[in-house]
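Colleague: Okay, handing you the structure first.
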Amino acid sequence: MSLWEGFGLTPIINAYGTNTRLSGGPLAPEVAAAMVEASRASVDILDLQAAACREIARATGAEAGIATAGASAALLLGTAAILARLDAAAMDRLPRTEAEFLIARSQRNMYDRAVEVAGARLVEVGIPDRVAGAGVRDATAAEFAAAITPATRGILWVAQPHSEPPLPELVEMARAHGLPVLVDAAAQLPPAANLRRFITEGADLVAFSGGKAIGGPQASGILAGRADLVASALMQMLDLDLPAAQFRPPVEFAAARQLSHLPRHGIGRSCKVGREEVAGLLVALRRFTRDTAADRAARWSARLDAVQAGLPAALTTSRILAGEVPMLALHLPDADAARALEARLRQGHPAAHLNPSRIRDGLLLINPIALADADAPRLATLVTEALA
Ligand SMILES: *Cc1c(COP(=O)(O)O)cnc(C)c1O
Numbered sequence: 001m002s003l004w005e006g007f008g009l010t011p012i013i014n015a016y017g018t019n020t021r022l023s024g025g026p027l028a029p030e031v032a033a034a035m036v037e038a039s040r041a042s043v044d045i046l047d048l049q050a051a052a053c054r055e056i057a058r059a060t061g062a063e064a065g066i067a068t069a070g071a072s073a074a075l076l077l078g079t080a081a082i083l084a085r086l087d088a089a090a091m092d093r094l095p096r097t098e099a100e101f102l103i104a105r106s107q108r109n110m111y112d113r114a115v116e117v118a119g120a121r122l123v124e125v126g127i128p129d130r131v132a133g134a135g136v137r138d139a140t141a142a143e144f145a146a147a148i149t150p151a152t153r154g155i156l157w158v159a160q161p162h163s164e165p166p167l168p169e170l171v172e173m174a175r176a177h178g179l180p181v182l183v184d185a186a187a188q189l190p191p192a193a194n195l196r197r198f199i200t201e202g203a204d205l206v207a208f209s210g211g212k213a214i215g216g217p218q219a220s221g222i223l224a225g226r227a228d229l230v231a232s233a234l235m236q237m238l239d240l241d242l243p244a245a246q247f248r249p250p251v252e253f254a255a256a257r258q259l260s261h262l263p264r265h266g267i268g269r270s271c272k273v274g275r276e277e278v279a280g281l282l283v284a285l286r287r288f289t290r291d292t293a294a295d296r297a298a299r300w301s302a303r304l305d306a307v308q309a310g311l312p313a314a315l316t317t318s319r320i321l322a323g324e325v326p327m328l329a330l331h332l333p334d335a336d337a338a339r340a341l342e343a344r345l346r347q348g349h350p351a352a353h354l355n356p357s358r359i360r361d362g363l364l365l366i367n368p369i370a371l372a373d374a375d376a377p378r379l380a381t382l383v384t385e386a387l388a
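Per our numbering, residue 1 is the first one in the sequence shown, and the count goes up by one each step.
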């Protein structure tokens, strides 16, 4: 009996993706082994974050970085850093502020709440005209400049292949007004080049998920960027229950030496990251940066090949690319047939979750990212049985 079945749970074959709701995908053996090894021995968490800083700086080109409990935690900590900088009293006051962050209205999403949790109110800029049909305007750097008030303390920019305004234009405007730009790049990997891209384009801080394509544990993420802001973010997550004289920031977080005194447990204490997650994230990050796009594509395609080999010949399939990720599309006669098959698989034991993003077109997608190798042939059997 599996661990999950021992707790009365239905095991899941995950062909949907790295979704938090489905607990993500399997960890690579070297990542899981790192977490088990980390579980065996204590370590100074500040020194561990200094090691994370070195790894993240190497992978992203940023001055500094820390491991967080996810991209959402990184957004919260990044906002807290921008709001409080290296002012211990300001850290202790969060989330009570009158501060505002600007965001393009088209980029509002359910994760931007992390910015408000840290204490900034979001102010929307621009009116995207896509729904009106013109589709030519979104938010411009000039509109951002016009929205700045004395309360404006930063800008949140959510990275997507066609986010407006382009980051370099926004950064140029923001720098002229002394405003930091925080980038939500949680799900922008692959391509691996995006690890460096937003830093190169001038972002002050960038948040990535560790539990998506990087392949780290679900509750892991990265905050990378300016050394002073990263040090501030870390100070607002650390357990600082120690005599001030014993607190010696390592060189990676030397900016923390500017603090007049040690702050209390910061606003980030509610999203602390554990040593097992940090270890898993760092090993996954090394693996992600070591592998080429071709390595990943080969791994993913092999899983799809294993599914396809077990499907009935009468079922039409095709391969589609979502960025660098190949997907296997099952072609059903219509949307209702696709919905019926999706529901039957989802309600089975084990439950198989297929990606429904094209269900209105009668397509069910098999996303290989979070699919265990051993589950590929089992999934084909379940689909075959459900269709019979
Ligand atoms: C997934 C996601 C997040 C949250 O990432 P976690 O690592 O799960 O906290 C934030 N923003 C965007 C755009 C995302 O896709």
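Note that beta-carbon positions come from the ideal geometry of N, C-alpha and C, so glycine has one too.
Pull up the CB-CB distance for D138 and V158, whole angstroms please, since I reckon it's below 8 angstroms.
Modeller: 12 angstroms between Cβ atoms; not a contact.
Colleague: Ignore the nearest five residues each way along the sequence and tell me which others in A69's own chain have a CB closer than 6 angstroms to its CB.
Modeller: Closer than 6 angstroms at Cβ, skipping near neighbours: A219, C271, V273.
Colleague: I need the DSSP call for N109, collapsed to helix, strand or coil.
Modeller: Three-state result, N109: coil.
Colleague: Report buried or exposed for S106, applying the criterion of at least 16 other Cβ atoms within 10 angstroms of its Cβ.
Modeller: With 16 or more other Cβ atoms within 10 Å, it is buried.
Colleague: In terms of alpha-carbon separation, which member of R113, R275, V307 lies closest to S42?
Modeller: Closest option to S42, Cα to Cα, is R275.
Colleague: Between the Cα of L182 and those of I320, I222, R269, P150, spot the shortest distance and give me the residue it belongs to.
Modeller: For the residues I320, I222, R269, P150, the minimum Cα distance to L182 belongs to I222.
Colleague: P168 by DSSP, collapsed to three states: which one?
Modeller: Note: P168 maps to helix in three-state DSSP.
Colleague: Between A147 and I267, what straight-line distance do the alpha-carbon atoms span, to the nearest angstrom?
Modeller: Taking the straight line from one Cα to the other gives about 27 angstroms.
Colleague: From this set, F144, A81, A88, which residue's C-alpha is nearest A176's C-alpha?
Modeller: When each option's Cα is compared against that of A176, the closest is F144.
Colleague: Distance, Cα to Cα, A284 vs I214?
Modeller: Looking at the two C-alpha atoms, the distance is approximately 6 angstroms.
Colleague: At which residues does the alpha helix (DSSP H) containing D373 begin and terminate?
Modeller: No alpha helix (DSSP H) holds D373; DSSP gives it neither H nor E.
Colleague: Can T18 be considered in contact with ligand 1, in the sense that its beta carbon sits closer than 6 angstroms to one or more heavy atoms?
Modeller: For ligand 1, not one heavy atom lies less than 6 angstroms from the Cβ of T18.
Colleague: Am I right that A50 and P263 are in contact with their C-beta atoms under 8 angstroms? What's the rounded C-beta distance?
Modeller: Contact doesn't hold; Cβ gap of about 19 angstroms is too wide.
Colleague: So V278 and L48 are supposed to be a Cβ contact under 8 angstroms. How far apart are they, rounded?
Modeller: 6 angstroms between Cβ atoms; contact.
Colleague: Suppose you measure from the CA of L3 to the CA of T10; what does that come to, to the nearest Å?
Modeller: Approximately 10 angstroms, taken between the alpha carbons.
Colleague: Less than 7 angstroms between C-beta atoms, sequence neighbours within five positions excluded: which residues of the same chain meet that for A187?
Modeller: Around A187: S209, K212.
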